[in-house]
Amino acid sequence: MTSRLSERTVEPEKVAVIIESTHLIMCFTIHMWCSDPLKSLPDDVTADTRSSSCTNGKKSTSIALPSSPLSADAVTVEQSLLTLMIHSFPVVNSVIQSLDKEMLIDKYLYSMRFSDETLLDIMQQFRRELTKGLGRDTNPTAALKMLPTFVRSIPDGSEKGDFIALDLGGSNFRILRVKVSHEKKQTVQMESKIYDTPEDIIHGSGTRLFDHVAECLGDFMEKQNIKDKKLPVGFTFSFPCQQTKLDEATLLTWTKRFKASGVEGMDVVKLLNKAIKKRGDYEADIMAVVNDTVGTMMTCGFDDQRCEVGIIIGTGTNACYMEELRNIDLVEGDEGRMCVNTEWGAFGDDGRLEDIRTEFDREIDRGSINPGKQLFEKMVSGMYMGELVRLILVKMAREGLLFEGRITPELLTRGKFETKHISAIEKSKEGLSKAREILTRLGVEPSTDDCIAVQHVCAIVSFRSASLIAAVLAGILLRLKENKGVARLRTTVGIDGSLYKMHPQYARRLHKTVRRLVPDSDVRFLLSESGSGKGAAMVTAVAYRLAEQSRLITQTLSEFRLSTEQLLEVRTHRYCKHGDFLALDLGGTNFRVLLVKIRSGKRRTVEMHNKIYAIPLEVMQGTGEELFDHIVQCISDFLDYMGMKNARLPLGFTFSFPCQQTSLDAEFDLDVVAIVNDTVGTMMTCAYEEPTCEIGLIAGTGSNACYMEEMRNVEMIEGDEGRMCVNMEWGAFGDNGCLDDIRTEYEKMCSGMYLGEIVRNILIDMTKRGFLFRGQISETLKTRGIFETKFLSQIESDRLALLQVRSILQHLGLDSTCDDSIIVKEVCEAVSRRAAQLCGAGMAAVVDKIRENRGLNNLDVTVGVDGTLYKLHPHFSGIMHQTVNELAPKCNVTFLLSEDGSGKGAALITAVGCRLRQELNNK
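Positions 1 to 923 (UniProt numbering) are the ones given, in order, by the sequence shown.
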């Protein structure tokens, strides 16, 4: 019984409760015995036993209990209880003395124990520092450097190939050969070898260090018989580096025990390539440099695609996580995510942690090779925890609290008490025996009390480490939760490091604390079984996959990316008022009737009233007689609605379909003065506001244009004087084959009716090739018309985060990842950009034609524009304007948006027609 009590490690937070309970038992025992010490004691309990039990001043570690001290027929319940208490007295006394010692240590190391309130405060400080490190302007003064790694994706299961991985950063240097294959399922085969990194090399020159790395790599390749191959290499370099590309890394500062000269401020890839080239007996293609945290995340990400955090808790400590690119000011672009290396070992270097640092932390820092730096790491990592415990033991011994005040040279020797000793001492069954063994080697001749006390010191130091790591990890998890905009976070944290793996209590304490600090989360902690070296190979494999995927996507979308030469080739294939008027506008899914009141004079005004009528599908697809009966019925209803049932007004008819016209009007019972196309109506609407408007453009469900042509060039109409508006019907441009060189299999090319469908067909093609949606073509994606053109406008919005793009795709039944969203957005941009460029090329041809007609060096002209694609798409108009400017540099073109649609234009033409008819009648 005594042995089991002594071996058990008591958690600090339970000490007070145990002591209070034990004191109650003691008080009751003393009260009973002192009242009548000789009352009805069993024969086997002698006075000597009672005396020794009560007066023995030294702690007894064992007692021989009688085989059967209680007899139900011989003693009362009170006597039995008293007997048990007397027999247990030495043990209780022992426990009290042990717990009193632990309480003393708790008070002594009070500043190393944190409440949840303190941990939450540390978490918030870390989050503020994290945000500061991500900002372009605030990063220079931030303790957390938040280094972009240019790793944009975790493994998706489609990687394959043969790779080399180098892992430099700890006590050993490891080289791996990683083969990723796809036979029936994705498999990974690994072969590795560990090489020593001697102290004279890691503290010598940078040249010697990288010559050593190159020599080890050559030896490994020779043993693998691959010296004649140039395999892609991933390099795990576990030190703070500034990266501008995946295969470039400039060392900012050495950490841990490395201090090789001439490396800080240099690109480590160039230094390694130089060492390899100097040897000349093999070649290596170093594709990626990653931190060990990134390697850990990628290793675990291979097994669990939810893994988006990597942590090292070993000789040093650090973490990385997947941050939204839009939040990383240090990198251009805002699409997708990128892994950020936090370098959280430097947390507190700006003084944020001064309130919780102890005298022992400050002494550790003063004796380190980098005073004032990596302060958080020095409080929690395996390199320093053993030394931290040694400093505490030395001070306690000097104050007579341990080892009866004995201090030995071994105890005073730096590095004699290692972190691995903490792990051994905190083992539940053999911890105290290990403590005795370790302390004996230090020459202090420990008592059992000493062993228990040292065990408790180790528990407090390691518990502090786990609590601090939990606080900063909680800051990252909350960041992920906010980035995703979810009520409950579900994620995986990949972990590696000797402290986390070897310490018997560390993982449990860390997990428990994290879940208390971030309750609205489901966090899986996944141990990296293969280390960060495999992760470097996986980064390289992902880089290979993404490079190949990018090449094939670029190849697919290249047909939509038109060069200036192609656009120039497209361009060379070119081909007042007063009264009340009615206007009809037919051309889309609805039919609009307008009453337009035009007033001339000093204050020209146009007053409009309109009503929209639906055209049933059966009418649209029925007979012409049924269509025009419906139109007349709508007109009658509108006149009744306006209180003008018996009025006979001039009427203009916007009829947005190809027509052969010989005059403005046609014979109806109504006074139909003009029938015009919607492009003509748009031009006239804008010309009323801007007299230089001579071109009309529709870029919406359909696409078309009109312009004022010289009569001498219109051979279908008699007369050479003046100008006439020509409806181009340019939607038919290319029907003769002149655009076959730029047409794709997905067509048609530039109107809103077809762009969404073009995108859908491209997505199907890319999914079949494994680029999207994990290669799974859903029934939704097979549905014609499911991807509407309005989705292009929404997806390409600058204000729309990829998370919302993904939401649109999921609403369509497409189970997409962040990478899928990036590709879909790229496809939408390519399709809409080509449509805008083609419209721009056509418009450039029109304005240049007008300029040439008039024999001008430069032309100022206005284009009236209408249509949903032009008005609602975030980039269409800008791309089109830019294309016109590039292809027609001698024309100053202004684009005027038609606010009132083409119906108003039909009324204006009607007004002009009425004036001309009146003038003709007067003659």
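Glycine included, each C-beta is placed from N, C-alpha and C at the ideal position.
The Cβ neighbour count for A459, taken over all protein chains shown within 10 Å, is at least 16; the residue is labelled buried.
Counting other Cβ atoms within 10 Å of its Cβ, K534 reaches 16 or more and is therefore classed as buried. Membership of A705 in the beta strand (DSSP E) is indicated by the continuous run S703 to E710. Distance check between T342 and each of I364, V309 and D334 places V309 closest, using alpha-carbon atoms only. For G310, the secondary structure class from DSSP, reduced to helix, strand or coil, is strand. By the neighbour-count criterion, in which 16 or more other beta carbons inside 10 Å mark a residue as buried, A397 falls on the buried side. A direct Cα-to-Cα measurement between N727 and L809 gives close to 39 Å. Residue state for I164 is assigned as strand, using DSSP reduced to three classes.
Rounded to the nearest whole angstrom, the C-alpha separation of C914 and L582 is 12 Å. Annotation for G295: the continuous alpha helix (DSSP H) segment containing it runs D292 to D303.
A Cβ-Cβ separation of about 5 Å places L792 in contact with S832 under the 8 Å criterion.
Non-local C-beta neighbours of Y195 in its own chain, meaning closer than 6 Å and more than five positions away in sequence, comprise F173 and C216, ordered along the chain. Ranked by Cα distance from F150, the first of M338, Q189 and I202 is M338. Per DSSP, the beta-bridge partners of E248 are K245. The shortest CA-to-CA distance from D361 to any of A249, M383 and V846 is the one to M383. DSSP places F525 in the strand class (E or B) of the three-state scheme.
Secondary-structure assignment with DSSP links K193 through a beta bridge to I175. Short of 8 Å from the beta carbon of A830, and not among the five residues preceding or following it, lie these beta carbons of its own chain, in chain order: L557, F560 and R561.
For L772 and L586, the gap between their C-alpha atoms comes out near 41 Å. When S462, L517 and L499 are compared, the shortest CA-CA separation from L478 is found for L517. Shown here, P148 sits in a strand according to DSSP, grouped into three states.
In the three-state scheme derived from DSSP, where H, G and I count as helix and E and B as strand, C828 is classed as helix. The Cβ neighbour count for V570, taken over all protein chains shown within 10 Å, is at least 16; the residue is labelled buried.
Here L468 is buried, its C-beta having at least 16 other C-beta atoms within 10 Å.
For C750, there is no enclosing beta strand (DSSP E), as DSSP gives it neither H nor E.
Boundaries of the beta strand (DSSP E) harbouring L697: C693 to A699, taken from the DSSP string.
When the five nearest sequence neighbours on each side are left out, the beta carbons in the same chain lying within less than 7 Å of the beta carbon of L814 are those of F773, S778, T780 and L781, in order along the chain. Annotation: the continuous alpha helix (DSSP H) that includes N483 extends over T448 to K484. When the five nearest sequence neighbours on each side are left out, the beta carbons in the same chain lying within less than 8 Å of the beta carbon of Y108 are those of M396 and L401, in order along the chain. Secondary-structure assignment with DSSP links V188 through a beta bridge to V180. Under the Cβ criterion (8 Å, minimum of three pairs), the stretch 206–214 counts as touching the stretch 258–273. Around the CB of D848, 16 or more other CB atoms lie within 10 Å, so the residue is classed as buried. Distance between D365 and G475, taken at the CA atoms: about 25 Å. Per DSSP, D355 lies in no beta strand (DSSP E) and is assigned neither H nor E. Nearest in C-alpha terms to M298, of all of F239, G681, G234 and A275, is G234.
With respect to T701, A288 sits apart: the two C-beta atoms are not nearer than 8 Å.
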